[in-house]
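Engineer: Just dropping this structure here.
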Amino acid sequence: MLPETLEFLKQLRERVVIGVVGGSDLVKQQEQLGADCLDHFDYFFSENGLAAYKQGALIKKTSFLEHLGDAKIKPLINYILHYIADLDIPVKRGTFIEFRNGMLNVSPIGRNCSQSERDEFEKLDLQHGWRKAMVEALKSQFPDLGLTFSIGGQISFDVFPTGWDKTFCLQYLEPPHEAGAFKEVHFFGDKFKPGGNDYEIYSSEKTIGHAIETATPQETMAKCKELFF
Numbered sequence: 280m281l282p283e284t285l286e287f288l289k290q291l292r293e294r295v296v297i298g299v300v301g302g303s304d305l306v307k308q309q310e311q312l313g314a315d316c317l318d319h320f321d322y323f324f325s326e327n328g329l330a331a332y333k334q335g336a337l338i339k340k341t342s343f344l345e346h347l348g349d350a351k352i353k354p355l356i357n358y359i360l361h362y363i364a365d366l367d368i369p370v371k372r373g374t375f376i377e378f379r380n381g382m383l384n385v386s387p388i389g390r391n392c393s394q395s396e397r398d399e400f401e402k403l404d405l406q407h408g409w410r411k412a413m414v415e416a417l418k419s420q421f422p423d424l425g426l427t428f429s430i431g432g433q434i435s436f437d438v439f440p441t442g443w444d445k446t447f448c449l450q451y452l453e454p455p456h457e458a459g460a461f462k463e464v465h466f467f468g469d470k471f472k473p474g475g476n477d478y479e480i481y482s483s484e485k486t487i488g489h490a491i492e493t494a495t496p497q498e499t500m501a502k503c504k505e506l507f508f
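According to the numbering used here, the residues represented by the sequence shown are 280 to 508, in order.
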């Protein structure tokens with residue numbers, strides 16, 4: 280986070296309760312938001328809320344492995360690895376499947392790519408639809424596992440049980456976790472279109488969704504200022 284973003288969050292937190300939800304695990308979120316990111320939010324949700332924190336303390340963890348089991352996960356992983364092996368893309372690096380607490384994160388290029396390679400893959404993927412095609416193939420191959428596939432970020436997509444999207448975190452803002460539910464929950468996200476990993480929570484009846492068209496912190500801050508200052 281830029282210093283200006285961090286300072287804005289401090290000011291915003293004086294006016295409203297703030298939280299962040301992302302598909303990545305806590306380690307990745309700390310890389311993106313800073314090692315002390317738990318201290319900057321009232322609520323912090325890793326892996327769509329499967330790891331939930333309040334005031335920096337862990338509330339609960341939920342496991343993808345326990346839910347699905349190895350007998351179902353193994354064929355899924357085998358298929359993904361075969362698909363990526365046969366995929367003709369300019370660059371492949373490493374860590375094509377990241378096994379997280381609540382999901383699989385699948386990256387055709389590999390999560391070990393550089394930032395420039397990441398940027399280039401995103402441009403080419405928009406042209407060729409590699410991730411979209413892979414998701415459709417997985418939906419067709421594994422229709423009975425009760426899985427949702429969500430494209431997010433620049434290089435990957437998430438695979439998780441249906442209902443384990445970002446709306447999963449909203450339960451921690453309601454009873455019994457909270458004595459009284461919040462009157463309004465505002466969500467700001469850039470992947471808000473169908474298929475994006477913000478879509479479910481952006482369009483949920485439990486939230487007031489705000490589309491961040493430019494995918495920048497500046498637009499998010501501007502919209503927050505309009506609403507809360």
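Note that the Cβ used here is the ideal one computed from N, Cα and C, for glycine as well.
Given a cut-off of 8 angstroms, decide if ARG379 and ASP304 are closer than it, judged by their beta-carbon atoms.
Structural biologist: Yes, the Cβ-Cβ distance between ASP304 and ARG379 is below 8 angstroms.
Engineer: Is it buried or exposed for ASN276, if we count other Cβ within 10 angstroms and need 16 for buried?
Structural biologist: The first residue shown for the chain is 280 and the last is 508, placing residue 276 beyond what the model contains.
Engineer: Please confirm whether PHE508 and HIS489 have their CB atoms less than 8 angstroms apart.
Structural biologist: Not in contact: PHE508 and HIS489 (Cβ atoms no closer than 8 angstroms).
Engineer: At a cut of 8 angstroms, does the region 391-401 reach the region 424-442 through at least three beta carbon pairs?
Structural biologist: The answer is yes - the region 424-442 touches the region 391-401, with three or more Cβ pairs under 8 angstroms.
Engineer: Rank MET413, LEU449, GLN420 by C-alpha distance to the C-alpha of GLU463 and give the top, closest one.
Structural biologist: Per the Cα distances, LEU449.
Engineer: Are the CB atoms of LEU285 and CYS503 within a distance shorter than 8 angstroms?
Structural biologist: Taking 8 angstroms as the Cβ cut-off, CYS503 and LEU285 do not qualify as a contacting pair.
Engineer: Counting Cβ pairs, one atom from each stretch, are 3 or more of them under 8 angstroms apart for the region 344-356 and the region 405-414?
Structural biologist: Output reads no: the region 405-414 does not touch the region 344-356.
Engineer: Taking just the CA atoms, how far does VAL385 sit from THR374?
Structural biologist: Computed Cα separation, rounded: 9 angstroms.
Engineer: Would you identify the three-state DSSP class for ASP318, choosing helix, strand or coil?
Structural biologist: ASP318 falls in the helix class under three-state DSSP.
Engineer: From THR499 to ILE376, what does the alpha carbon distance come to, in whole angstroms?
Structural biologist: For THR499 and ILE376, the distance between alpha carbons rounds to 31 angstroms.
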